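Notes to accompany the following structure.
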Ligand SMILES: Cc1cc2nc3c(=O)[nH]c(=O)nc-3n(C[C@H](O)[C@H](O)[C@H](O)COP(=O)(O)OP(=O)(O)OC[C@H]3O[C@@H](n4cnc5c(N)ncnc54)[C@H](O)[C@@H]3O)c2cc1C
């Protein structure tokens, strides 16, 4: 059996790994000229953690996980508002969950597959045709590849989805926010080693994560409006425009834009599709269901979804249709739950007025109190 996978992100590479383990031959086509790397910090747990354990990559992921010593919430003038300690953070994420950079998950997957899966970089798909025996895929280098299954793991703006399921507008639900992420060449002076600092003010959030190994990630999330908030906006112009009046370390972080290698900049949007497969073509990861960073679960679903897809194909040999139907039935409730959660979080993320901000931070302030922390540690870590 052979699968062509579009996209060498977390979903695509996890699918290649799991399908190889199920005895499939795999080819990945990736639009970028090389491995992308970089990225923001994610909490990786739930079904992704379980699948990573079954797939044998959990030890490598744990090796690259980082621990945040303190998460400090700042006031607009830069003073500390309150903070969560290492123990509280551990208690909130639970004991079957890790913090890791998105790019490091990709690296772990790449190391697990690169000997057995060809990744054709600087290549995309141009056309898809299928019959009852195979799927035929025309690539941008004008070659045609044939396979039993085509997996569209090409992210929020998936070309596979556009070619087979219809235009993106039919499926994209914008959550009225934009996100920008880039690596900083050096640690801002106001961020201590191994800590994360964050400030939320007037519908805008900014955070800097110091991973503790010399890497620093700058994160911006803000409500979009008429003047700012289109994927075609230039982050070099728009970020100083939106954040230019903020204090604390913000001016220093904005300066880091100039030397940032690549900048992730996009709308925060979900993909809502009533089916994820069409014959021999299946969507996986953000291409199928993008739950958004508000859910904090996209990487987990990408690896968890790939794991379950491999198992469904393994247990239904020769019957792709049944495998895909069973897989979707099994996974859909988890995705629906996380999409719903993200839509709720949207309403309380980076609130514009100070009272709303105080109320949304209240649970975190409570979590930072010693009795609550002890309870959470007992309940989630030791229990
Ligand atoms: C700021 C932020 C914070 C997040 N925090 C968390 C978190 O705490 N926990 C969590 O679990 N998740 C989190 N997520 C979500 C998570 O990062 C994503 O859901 C996950 O990485 C999805 O991976 P993917 O492989 O489906 O898509 P992508 O990462 O978008 O990968 C798609 C790949 O396909 C390639 N591609 C695109 N188009 C084509 C094409 N036409 N042809 C060939 N290749 C193509 C791209 O270059 C890319 O390599 C966060 C996301 C963001 C933005």
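Numbering (this note's numbering), first residue to last: 24 to 406.
Beta carbons are placed, not taken as given, at the ideal position from N, Cα and C, and that holds for glycine.
All of these numbers come straight from a predicted model, not from anything done at the bench.
Residue i, buried or exposed, once every other Cβ within 10 Å from all chains shown has been counted against 16
{"i": "residue 177", "result": "buried"}
{"i": "residue 187", "result": "buried"}
{"i": "residue 406", "result": "Because the pLDDT of residue 406 is 43, which lies under 50, any placement of that residue in the model is unreliable, and the number read from its coordinates should be weighed accordingly. Exposed, by the Cβ-count rule."}
{"i": "residue 77", "result": "exposed"}
{"i": "residue 256", "result": "buried"}
{"i": "residue 211", "result": "buried"}
{"i": "residue 361", "result": "buried"}
{"i": "residue 309", "result": "buried"}
{"i": "residue 196", "result": "exposed"}
{"i": "residue 359", "result": "exposed"}
{"i": "residue 228", "result": "buried"}
{"i": "residue 371", "result": "exposed"}
As assigned by DSSP and simplified to three states, the class of residue i
{"i": "residue 227", "result": "strand"}
{"i": "residue 96", "result": "strand"}
{"i": "residue 301", "result": "strand"}
{"i": "residue 72", "result": "helix"}
{"i": "residue 173", "result": "strand"}
{"i": "residue 80", "result": "coil"}
{"i": "residue 314", "result": "coil"}
{"i": "residue 179", "result": "coil"}
{"i": "residue 392", "result": "coil"}
{"i": "residue 284", "result": "coil"}
{"i": "residue 240", "result": "strand"}
{"i": "residue 90", "result": "coil"}
{"i": "residue 378", "result": "helix"}
{"i": "residue 60", "result": "coil"}
{"i": "residue 66", "result": "strand"}
{"i": "residue 31", "result": "coil"}
{"i": "residue 184", "result": "helix"}
Whether residue i touches residue j by CB criterion (8 Å)
{"i": "residue 90", "j": "residue 109", "result": "yes"}
{"i": "residue 374", "j": "residue 226", "result": "yes"}
{"i": "residue 292", "j": "residue 128", "result": "no"}
{"i": "residue 122", "j": "residue 64", "result": "yes"}
{"i": "residue 242", "j": "residue 204", "result": "yes"}
{"i": "residue 313", "j": "residue 207", "result": "no"}
{"i": "residue 132", "j": "residue 277", "result": "no"}
{"i": "residue 265", "j": "residue 245", "result": "yes"}
{"i": "residue 343", "j": "residue 73", "result": "no"}
{"i": "residue 333", "j": "residue 42", "result": "yes"}
{"i": "residue 223", "j": "residue 61", "result": "no"}
{"i": "residue 311", "j": "residue 299", "result": "yes"}
{"i": "residue 104", "j": "residue 97", "result": "yes"}
{"i": "residue 346", "j": "residue 331", "result": "no"}
{"i": "residue 183", "j": "residue 175", "result": "yes"}
{"i": "residue 307", "j": "residue 26", "result": "no"}
DSSP beta-bridge partners of residue i
{"i": "residue 246", "result": "200"}
{"i": "residue 160", "result": "151, 168"}
{"i": "residue 222", "result": "229"}
{"i": "residue 292", "result": "197"}
{"i": "residue 206", "result": "240"}
Contact with chain D by residue i, beta-carbon distance below 8 Å
{"i": "residue 153", "result": "Looking for chain D here will not work: only one protein chain is present."}
Query - Unbroken stretches of the alpha helix (DSSP H), 4 residues or longer, contained in the segment 96-130 - result: As far as the segment 96-130 is concerned, its whole alpha helix (DSSP H) runs of at least 4 residues are 109-116.
Query - Any alpha helix (DSSP H) of 4 or more consecutive residues that is wholly inside the segment 251-280 - result: 258-266, 273-278
Report task. Identify every run of the alpha helix (DSSP H) within the segment 314-366, keeping only runs that are complete inside it and at least 4 residues long; order them along the chain. Result -> Positions of the alpha helix (DSSP H) runs, each at least 4 residues long and wholly inside the segment 314-366, are given as 321-338 in order along the chain.
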